[in-house]
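Residue numbers for the sequence shown follow the working numbering, so the first one is 297 and each next one is one higher. Heads up, the beta-carbon is just placed ideally off N, CA and C, and yes, glycines get one too. This report concerns only the one structure given below.
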Amino acid sequence: RGRLRAGNNAVAEAPKPETAAERRAKSWSEMPSKRINSIKCADPFASNSKQYKTKFAGVFHSGGVPARLHHGAVNVRLCWSKDPVTLDYDPLLVTCAEGLLETIHPYAYASKACFGELLAAEGAQEKTLPLVSRLVPSIRAALVSSDRSVFEGGVEAVRQLSEVVGEALNEHIHVFVVQMNRKASDRDLAPKILRAMQTFEEGGGQAAYKVIKLKVPTYCSIHI
């Protein structure tokens, strides 16, 4: 017991399991880059035409967005050099929406964070309402993307937009609902999609509910 026989006569000790201390030491001996090698990053040596997938990437890189990413020990967060409350959203918010199609770091994270924080800022509704029709194409493009992270970003972006502009989004809801419902069978995506549709109804009222129900017959009202 506890031993493995090798050949006819030799007896070999069974390998001992690694201790917690040994596992930690092995973990810290790895190169830090190995832990994040699944994240695509922008190539600093690529030409601008190849490096920038959207207008947002070029604007962000050149300092056109008054914000930068702060990389902490655990999390990454957005740091604004100017208070979002003081910013003109035209064309800044539209440019951030275009960046929802980005798939490489830092632009993928930055576009989503900028879009969300601008919408969460005080006075956002007044500055966002005139831009709704210009935001719709970029969000729709994110929802038809085959990239899962881009799709998820599109769902969250349209939910945030709905919270801010309410019924002003009603005439566009059908465009979003159709695309989101195509992936409603995904167990992980379904709760996010449902939450977005419920936000549409909450902000857009009965008119929004009728549009959702027409496109997604299985949808149940939040008032039931």
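Close beta carbons around Leu388, own chain, < 6 Å, minus the five adjacent residues each side: Closer than 6 Å at Cβ, skipping near neighbours: no residue.
Grouping DSSP H, G and I as helix and E and B as strand, with all else coil, what is His519? The answer is coil: DSSP assigns His519 none of H, G, I, E or B.
Leu431 lies in the alpha helix (DSSP H); which residues open and close that run? Per DSSP, the unbroken alpha helix (DSSP H) holding Leu431 starts and ends at Val428 to Leu439.
For His468, does the count of other Cβ atoms within 10 angstroms reach 16, so buried, or fall short, so exposed? Buried, by the Cβ-count rule.
When you compare only the Cα positions, how much space is there between Ala353 and Gly395? Taking the straight line from one Cα to the other gives about 7 Å.
Counting C-beta neighbours from all protein chains within 10 Å, is the total for Ala453 16 or more, i.e. buried, or is it exposed? When all chains shown are included, Ala453 counts as buried.
Given a threshold of 16 other Cβ atoms within 10 Å of its Cβ, counted over all protein chains shown, does Thr495 qualify as buried or as exposed? Thr495 is buried by the Cβ-count criterion.
Which residues in the same chain have their Cβ closer than 6 Å to the Cβ of Arg331, if we skip the five residues on either side of it in sequence? The predicted position of Arg331 is uncertain, since its pLDDT is 39 and thus under 50; no value can be drawn from it.
Could you give the distance in angstroms between the alpha-carbon of Val461 and the alpha-carbon of Gln421? Their Cα atoms are separated by approximately 6 Å.
Other residues of its chain near Pro402: CB distance less than 6 Å, five sequence neighbours each side excluded: Counting only Cβ-Cβ distances below 6 Å, and skipping sequence neighbours, we find Leu365.
Kindly list the residues whose CB is nearer than 8 Å to the CB of Val473, restricted to its own chain and excluding five residues on each side of it in sequence; keep chain order. Result list for Val473: Met493, Phe496, Val507, Ile508, Lys511 and Val512, in chain order.
Which runs of the beta strand (DSSP E) fall wholly inside the stretch 345-433 and span at least 3 residues, in chain order? List check, beta strand (DSSP E) in window: 363-367 and 372-376.
So Met476 and Val451 are supposed to be a Cβ contact under 8 Å. How far apart are they, rounded? The beta-carbon distance between Met476 and Val451, rounded to whole angstroms, is 6 Å. This is short enough to meet the 8 Å contact definition.
Sequence-distant residues of the same chain with beta carbon closer than 6 Å to Gly360, five excluded per side: Excluding sequence neighbours, Gly360 sits near nothing in its chain.
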